[in-house]
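Numbering (the numbering used here), first residue to last: 9 to 160.
Read the structure below first, then the notes.
Okay, structure coming up:
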């Protein structure tokens with residue numbers, strides 16, 4: 009089988025980053041990378057064009073990373089509080105799930121969606137809990153939520 013040199017137009021997991029010339033099997037290039045516009049033939053002209061694009065994309069990534077870091081820092085300072093009905097041992101009669109957390113965040117001026125709240129299971133006890141919130145890609149922020157028992 010022949011191998012081809014292709015120029016990556018996008019980051020491809022376990023293969024390379026934008027602008028890199030990589031050697032791959034001919035079938036992989038022709039059947040997967042090129043039809044999906046993930047790569048092009050590694051001609052000198054394509055290399056020049058991709059180098060200009062790569063500089064622009066890297067600048068965008070630096071700006072995005074700065075925005076993500078700022079959002080993570082801002083969310084890390086948030087402390088939410090909710091009062092729920094609970095028994096004497098501190099077990100909630102209901103639970104605090106993503107929908108409740110989104111409403112609490114909205115009151116605090118933060119826009120979030122339920123799919124971004126990454127609870128393994130709903131909160132069912134009184135106390136302080138750390139809630140992971142998906143920001144982008146592999147980036148997460150942690151917020152604190154204090155669940156208090158309703159006074160009887």
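The beta carbon of each residue, even a glycine, is placed where N, CA and C say it ideally should be.
- Contiguous beta strand (DSSP E) elements confined to the segment 49-102 occur at 87-92, taking only those with 3 or more residues.
- For residue 112 and residue 43, the gap between their C-alpha atoms comes out near 45 Å.
- Boundaries of the beta strand (DSSP E) harbouring residue 16: 11-16, taken from the DSSP string.
- Residue pairing for residue 138: DSSP places it in a beta bridge opposite 152.
- Residue 58 counts as buried, since at least 16 other C-beta atoms from the protein chains shown sit within 10 angstroms of its C-beta.
- Ranked by how close their Cα comes to the Cα of residue 142, the residues 76, 25, 24 have 76 in first place.
- Excluding residues up to 5 positions away in sequence, 26, 27 lie with their Cβ nearer than 7 Å to the Cβ of residue 62 in the same chain.
- Excluding the 5 residues flanking it on each side, residue 45 has same chain C-beta neighbours closer than 8 Å at 17, 18, in chain order.
- Rounded to whole angstroms, residue 147 and residue 14 show a C-alpha spacing of 30 Å.
- Here DSSP, grouped into helix, strand and coil, assigns residue 110 to helix.
- Under the DSSP definition of a beta bridge, residue 147 partners with 144.
- Taking a 10 Å sphere around the C-beta of residue 154, we find fewer than 16 other C-beta atoms and assign the residue as exposed.
- Proximity of the segment 120-131 to the segment 101-110 meets the contact definition, three or more beta-carbon pairs being nearer than 8 Å.
- If you draw a straight line from the Cα of residue 83 to the Cα of residue 50, it is about 44 Å long.
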